[in-house]
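2 protein chains.
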Amino acid sequence: MMIPKKLKVIEVGPRDGLQNEKKNLSVEQKIALIQLLAESGFEEIEATSFVHPKWIPNLADAEEVISATKHLPINLFALIPNEKGYERAVKSGIHGGTFVLSASDSHGQSNLNKTTKESIRELKILYSQAKQDGLLTRASVSTAFGCPFEGITSLERVRQVVDSLVEIGFRRIGLCDTIGIANPYQTFEYMSKLNQDYKQVEFELHFHNTYGRGLANVCAGIEAGVYSYDSSIGGLGGCPYAPGATGNISTEDLVDMAQAMGIETEINFTELLKASELVSSYFNKPLDSQLWRTNSLVALNK
Amino acid sequence: MMIPKKLKVIEVGPRDGLQNEKKNLSVEQKIALIQLLAESGFEEIEATSFVHPKWIPNLADAEEVISATKHLPINLFALIPNEKGYERAVKSGIHGGTFVLSASDSHGQSNLNKTTKESIRELKILYSQAKQDGLLTRASVSTAFGCPFEGITSLERVRQVVDSLVEIGFRRIGLCDTIGIANPYQTFEYMSKLNQDYKQVEFELHFHNTYGRGLANVCAGIEAGVYSYDSSIGGLGGCPYAPGATGNISTEDLVDMAQAMGIETEINFTELLKASELVSSYFNKPLDSQLWRTNSLVALNK
Numbered sequence: 029m030m031i032p033k034k035l036k037v038i039e040v041g042p043r044d045g046l047q048n049e050k051k052n053l054s055v056e057q058k059i060a061l062i063q064l065l066a067e068s069g070f071e072e073i074e075a076t077s078f079v080h081p082k083w084i085p086n087l088a089d090a091e092e093v094i095s096a097t098k099h100l101p102i103n104l105f106a107l108i109p110n111e112k113g114y115e116r117a118v119k120s121g122i123h124g125g126t127f128v129l130s131a132s133d134s135h136g137q138s139n140l141n142k143t144t145k146e147s148i149r150e151l152k153i154l155y156s157q158a159k160q161d162g163l164l165t166r167a168s169v170s171t172a173f174g175c176p177f178e179g180i181t182s183l184e185r186v187r188q189v190v191d192s193l194v195e196i197g198f199r200r201i202g203l204c205d206t207i208g209i210a211n212p213y214q215t216f217e218y219m220s221k222l223n224q225d226y227k228q229v230e231f232e233l234h235f236h237n238t239y240g241r242g243l244a245n246v247c248a249g250i251e252a253g254v255y256s257y258d259s260s261i262g263g264l265g266g267c268p269y270a271p272g273a274t275g276n277i278s279t280e281d282l283v284d285m286a287q288a289m290g291i292e293t294e295i296n297f298t299e300l301l302k303a304s305e306l307v308s309s310y311f312n313k314p315l316d317s318q319l320w321r322t323n324s325l326v327a328l329n330k
Numbered sequence: 029m030m031i032p033k034k035l036k037v038i039e040v041g042p043r044d045g046l047q048n049e050k051k052n053l054s055v056e057q058k059i060a061l062i063q064l065l066a067e068s069g070f071e072e073i074e075a076t077s078f079v080h081p082k083w084i085p086n087l088a089d090a091e092e093v094i095s096a097t098k099h100l101p102i103n104l105f106a107l108i109p110n111e112k113g114y115e116r117a118v119k120s121g122i123h124g125g126t127f128v129l130s131a132s133d134s135h136g137q138s139n140l141n142k143t144t145k146e147s148i149r150e151l152k153i154l155y156s157q158a159k160q161d162g163l164l165t166r167a168s169v170s171t172a173f174g175c176p177f178e179g180i181t182s183l184e185r186v187r188q189v190v191d192s193l194v195e196i197g198f199r200r201i202g203l204c205d206t207i208g209i210a211n212p213y214q215t216f217e218y219m220s221k222l223n224q225d226y227k228q229v230e231f232e233l234h235f236h237n238t239y240g241r242g243l244a245n246v247c248a249g250i251e252a253g254v255y256s257y258d259s260s261i262g263g264l265g266g267c268p269y270a271p272g273a274t275g276n277i278s279t280e281d282l283v284d285m286a287q288a289m290g291i292e293t294e295i296n297f298t299e300l301l302k303a304s305e306l307v308s309s310y311f312n313k314p315l316d317s318q319l320w321r322t323n324s325l326v327a328l329n330k
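Respectively, the protein sequence lines represent chains A and B. Residue numbers for the first sequence follow my numbering, so the first one is 29 and each next one is one higher. Residue numbers for the second sequence follow my numbering, so the first one is 29 and each next one is one higher.
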């Protein structure tokens, strides 16, 4: 088992987590959370989404959030779903864009109102614009392992999407297990082949812990040579257009596992737990991380 | 990534799970659970423990449980902590014994009132008795990856214990991550070396999901060539003498992952979920499996 010296952990809780919570936080609360996360040592945080507020009202304050956090010494990313969102994002002063599409047409139509091909056409325009505007770019492929409507996504299909993204110019490509049905064997198979065939691409993985396999999938990804992972503070998250999707893998559990394995993440765990506490106080509920459940249990039995 | 055709899943919920629950079940409830589990297709179930009722009152009914379930077409095991427990176990008509010791002296003294060496001396007698009596035997080494009092258990220490057990005659040796602090890298390192050095031994692994790494550790074990895993229905479990230990890995999540990976377990998942439902109805609480949490969430949002 080859383990790397370093894993890059990209915190996506403020976007993928908060967009799915029934309770919306205030702008001030979001800013405080992003600040605490930045102090924990993340190099990159996905802070919000420039999706239309009609679809995701929780993130209607994207401009205010970015305006108050863009001075932080990190790369601030936001999800950019379309041209309108792109315009808002650039105006806000964001540093980087996560450009999304779905590997499956039915999820794409449900989530973005576009087939995969239609997304690719739009991403071509947005990517070239982003390069002109000096934005950092990463593509993010939903349902790259499986789709709630179409089942398992074939490696062939993923290759087609990656081909198109590479042709556009993307060099950071995230593959998302939107509904948490990837398994470690599939992850290893897909990622070792993709890593071999696209040496110019830095792949990133985004797992949900729907069936408890999130960290097992991370380990399979590591073995296949992928060293960048999205995760969400407190395991917040889901997908409003993917029935049955639960939270992202928890940042706490991921960083804790990496530490135990001797892999550097540059996250200060003590600072990270302050962010956990803050999230828990905001929502007044237990977090969806195993670390949280265990600590609660220990406290209960004391 | 080499994956096996088949995984052996040994259900330990009726022992490792029930011993730790605050609410004790009736004999009839336990029997009904073991029957349902047997119908799910397990080859082996650890049904109870012949520990002194003073220490684990929940399992004081061991004789009654075995008497009512020993006709089932499975291998019924019970945990056997000492000579007195052995006598009771044999009289009960049990098919197999799980003979326990700790890899660390301080946990051994806390859990069994014996150092590792003292346990080894006693196991020698018990093993030879068990062979005479025609019992199936497996050894079970607590704190094989880490100890709540002594920290990480070195591979050297584990080797010493395995050497002693092999010398006694044991050919099935379970290594237990009693407090869930093993990590996938450690698991792979330890198990690939042990598997190489003890070709005559069938190693079994027993993980707790304390930090969410349970299934990741299973995958690391599989890669190292270990194909037998203890797990507990609903993730019940813990250790009364290991502060901070939470539940075993959940049988549902393990079987579900194996199925997704195309590995046969011979467990009928639909039948297994009936046992989950039964456990949940007994304790009237959510189960500690990700499958349970996800299904509850889906039901909640419908």
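Using N, Cα and C, we set each Cβ at its ideal position, and we do this for glycine too. Remember, predicted model here, so these are calculated numbers, not experimental data.
Going by DSSP, alanine 75 of chain B is part of the beta strand (DSSP E) stretching over 72 to 77.
For histidine 234 of chain A, the uninterrupted beta strand (DSSP E) segment begins and ends at 230 to 235. Secondary structure at isoleucine 250 of chain A: helix, using DSSP grouped into helix, strand and coil. When 7 Å is used as the limit between beta carbons, isoleucine 102 of chain A is near no residue of chain B, the shortest such separation being about 26 Å. Judged by DSSP secondary structure, leucine 65 of chain B falls within the alpha helix (DSSP H) whose first and last residues are 55 to 68.
Each residue's CA atom was taken as its position, placing serine 54 of chain A and aspartate 44 of chain A some 16 Å apart. DSSP places aspartate 161 of chain A within a helical segment (H, G or I) once states are collapsed to three. Where tyrosine 257 of chain B is concerned, the enclosing beta strand (DSSP E) starts and stops at 256 to 259. In the DSSP assignment, glutamate 305 of chain B falls within the unbroken alpha helix (DSSP H) covering 297 to 311. Here the C-alpha atom of leucine 61 of chain A lies approximately 7 Å from the C-alpha atom of leucine 306 of chain A. Contacts with chain A (Cβ-Cβ distance below 9 Å) from the region 226 to 248 of chain B involve Asn237, Thr238, Tyr239, Gly240, Arg241, Gly242, Leu243, Ala244, Asn245, Val246, Cys247 and Ala248, listed in chain order. Closer than 8 Å to the CB of tyrosine 114 of chain B there is not a single CB belonging to chain A. Per DSSP, the continuous alpha helix (DSSP H) segment holding asparagine 223 of chain B begins and ends at 212 to 225. The contact set of isoleucine 31 of chain A on chain B, defined by CB atoms closer than 7 Å, consists of Tyr213 in chain order.
With a threshold of 8 Å between beta carbons, glutamate 178 of chain B makes no contact with chain A. The three-state reading of DSSP puts asparagine 276 of chain A in strand, counting E and B together.
Here lysine 142 of chain A has Gly136 as same chain residues with Cβ atoms under 6 Å from its own Cβ, once five neighbours each way along the sequence are excluded.
With its beta carbon at least 8 Å from every one in chain B, glycine 265 of chain A lies outside the interface. The residues Gly174, in chain order, have a CB closer than 6 Å to that of isoleucine 209 of chain A in the same chain once the five nearest residues on each side in sequence are set aside. Between alanine 288 of chain B and chain A, the shortest Cβ-Cβ separation is below 8 Å.
A straight-line Cα-Cα distance of about 30 Å links threonine 97 of chain B and isoleucine 207 of chain B. By the CB criterion at 8 Å, tyrosine 155 of chain A and isoleucine 196 of chain A fall inside the cutoff.
Looking from the CA of lysine 112 of chain B, the closest CA among B:Ile153, B:Ile31, B:Pro176 and B:Glu92 belongs to B:Ile153. When the Cα atoms are used, alanine 244 of chain A and arginine 241 of chain B turn out to be separated by approximately 7 Å. Around the CB of histidine 234 of chain A, 16 or more other CB atoms lie within 10 Å, so the residue is classed as buried.
DSSP places serine 182 of chain B outside both helix and strand once states are collapsed to three, so it counts as coil. Of all alpha-carbon atoms in B:Pro212, B:Asn103, B:Phe177 and B:Leu104, the one lying nearest the alpha-carbon of aspartate 133 of chain B is that of B:Phe177.
Within the region 305 to 324 of chain B, the residues whose Cβ lies closer than 8 Å to any Cβ of chain A are, in chain order, Asp316, Ser317, Gln318, Leu319, Arg321 and Thr322.
Here the C-alpha atom of valine 40 of chain A lies approximately 29 Å from the C-alpha atom of glycine 263 of chain B. One alpha carbon belongs to aspartate 258 of chain B, the other to serine 256 of chain A, and they sit about 32 Å apart.
Secondary structure of asparagine 103 of chain A (DSSP, three-state): strand.
Neighbours of methionine 285 of chain A in chain B, taken as residues at a C-beta separation under 9 Å, are given in chain order as Asn211, Pro212, Tyr239, Gly240, Arg241 and Ala244. Just so you know, the alpha carbons of proline 314 of chain A and aspartate 284 of chain B end up roughly 25 Å apart.
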